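Some notes on the structure that comes next.
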């Protein structure tokens, strides 16, 4: 174990030194995107794959250590992740009383949903938060990804939920600055690369032939005539692949991330492993009574509270920054939630 960790240490030291260069090297040229330059447009997808492969050995060791209850190994891997994977920058500090209040709010939270204030829709830009208030909860939307979980229907309508707050927060972050968001305990691309790298490895290893069939079905449903994946275009019209928006962020002026905590769901789509270990799909409206709280940027709390009050929606509103600070005190393994 120690020998393996030393090898990993060498690799991640190199990764840390090159991280700044990577962000510069893998920026999009918007002009190239408009021209439809495929090589240029795939850069963030290639970066996702690269990071996923780099993080996979650590994720595998962490999973093995957890199953074998090697607590000493978990501690070593935890320190390793904090230093070489998360590479935390300065985050906003909070008082002990605020931390306790946040822990009280999230005590019963089982699932998380990441979204934003605005999204591109069929009829222009949609106010997601207003729609949430009008529906009195989270309303199912078109979901082409359930096919990976073995759904018999080609297209289903669901509310996509994560078991990990950090992953849902990454989905929320794509509604503003993506991986450039400040006051974050690890950036959006880092978390999704670590998390879904293992997911795809398990998916192809355990599902093999079925996975290939599902992949073809998913691609037919999720790509337009130009070969672009349409999922990310809801927050950035320049997005061409799934992973673009975690880096590009949103092109909607004034947009910002929103993270919603969910206590319970009344009904869900049955998903095969490994997808069921990573995500949950609610196939009915998640009512306000089943929502624990809402997290938004620190400077948007008053705005959101006023909007919720205007629509007579009674939900606690707190800051994403507070959630990040509390998360930074937790074990890395507890932030993953899919081992």
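Residue numbers (our numbering): 881 to 1219. Using N, Cα and C, we set each Cβ at its ideal position, and we do this for glycine too. Source: prediction; values computed, not measured.
Practice task
Would you check if there are 3 or more beta carbon pairs closer than 8 Å linking the region 1127-1134 to the region 1159-1178?
Solution key: no
Handout entry: residue 1142 beta carbon less than 8 Å from that of residue 1009
Key = no
Problem - For residue 926, three-class secondary structure by DSSP - result: helix
Handout entry: One or two residues paired with residue 1189 in a DSSP bridge
Key = None; residue 1189 has no bridge partner.
Handout entry: Nearest neighbour of residue 1194, chosen from 1173, 984, 1206 and 1079 [CA to CA]
Key = 1173
Exercise for the section: Would you tell me roughly how many angstroms separate the C-alpha atoms of residue 1004 and residue 1061, rounded to the nearest one? Expected result: 26 Å
Exercise for the section: Taking the CB atoms as reference points, tell me whether residue 946 and residue 961 lie closer together than 8 Å. Expected result: no
Practice task
Please specify which runs of the alpha helix (DSSP H), each continuous and at least 4 residues long, are wholly inside the region 939-981, giving them in chain order.
Solution key: 951-960
Problem - Contacting residues, own chain, Cβ-Cβ under 7 Å from residue 1204 (five flanking each side not counted) - result: 971, 1063, 1064 and 1065
Problem - the region 1169-1189 contacting the region 980-999, beta-carbon criterion three pairs below 8 Å - result: yes
Exercise for the section: Measure from the alpha carbon of residue 996 to the alpha carbon of each residue in 1208, 1140 and 1069, then state which is nearest. Expected result: 1140
Practice task
Report yes if the C-beta distance between residue 1156 and residue 1046 is below 8 Å; otherwise report no.
Solution key: no
Problem - Distance between residue 1119 and residue 929 (C-alpha atoms, nearest Å) - result: 17 Å
Practice task
Compute the distance between the beta-carbons of residue 958 and residue 1213, then report whether it is under 8 Å.
Solution key: yes
Practice task
Taking residue 1178 as the reference, give the member of 1192, 1136 and 1190 with the closest Cα.
Solution key: 1136
Exercise for the section: Let me know if residue 968 comes out buried or exposed under the rule of 16 or more other beta-carbons within 10 Å of its beta-carbon. Expected result: exposed
Handout entry: 8 Å Cβ shell around residue 1080 - same chain, five flanking residues per side excluded
Key = 932
Handout entry: Alpha carbon of residue 1023 to alpha carbon of residue 936, nearest angstrom
Key = 27 Å
Problem - Rounded separation between residue 1007 and residue 1176 - CA only - result: 15 Å
Exercise for the section: Quick one: grab the DSSP three-state call for residue 1040. Expected result: strand
Handout entry: Contacting residues, own chain, Cβ-Cβ under 6 Å from residue 1019 (five flanking each side not counted)
Key = 1165
Problem - Reduced DSSP category for residue 1148 - H, G, I as helix; E, B as strand; rest coil - result: strand
Exercise for the section: Look at residue 1217 and residue 1044 and say whether their C-beta atoms are less than 8 Å apart. Expected result: yes
Handout entry: Collapsed DSSP secondary structure at residue 1066 in the structure displayed
Key = coil
Practice task
Could you tell me the boundaries of the alpha helix (DSSP H) in which residue 1203 lies?
Solution key: 1200-1207
Practice task
Find the nearest neighbour of residue 1011 within the set 1187, 974, 1197 and 1196, judged by alpha-carbon distance.
Solution key: 1187
Handout entry: For residue 1137: DSSP bridge partner residues
Key = 996
Problem - Cβ separation of residue 1202 and residue 974, assumed to be a contact under 8 Å, to the nearest whole Å - result: 5 Å
Practice task
Might you give, ordered along the chain, the residues of its own chain that have their beta carbon closer than 7 Å to the beta carbon of residue 1038, omitting 5 neighbours on each side?
Solution key: 1020, 1023, 1026, 1149, 1161, 1162 and 1163
Problem - Range of the contiguous beta strand (DSSP E) that encloses residue 1021 - result: 1021-1023
Handout entry: Top-ranked residue by Cα proximity to residue 1192, from 1049, 948 and 1013
Key = 1013
Exercise for the section: Classify residue 1195 as helix, strand or coil using the three-state DSSP reduction. Expected result: coil
Handout entry: Straight-line Cα distance separating residue 941 from residue 1152
Key = 24 Å
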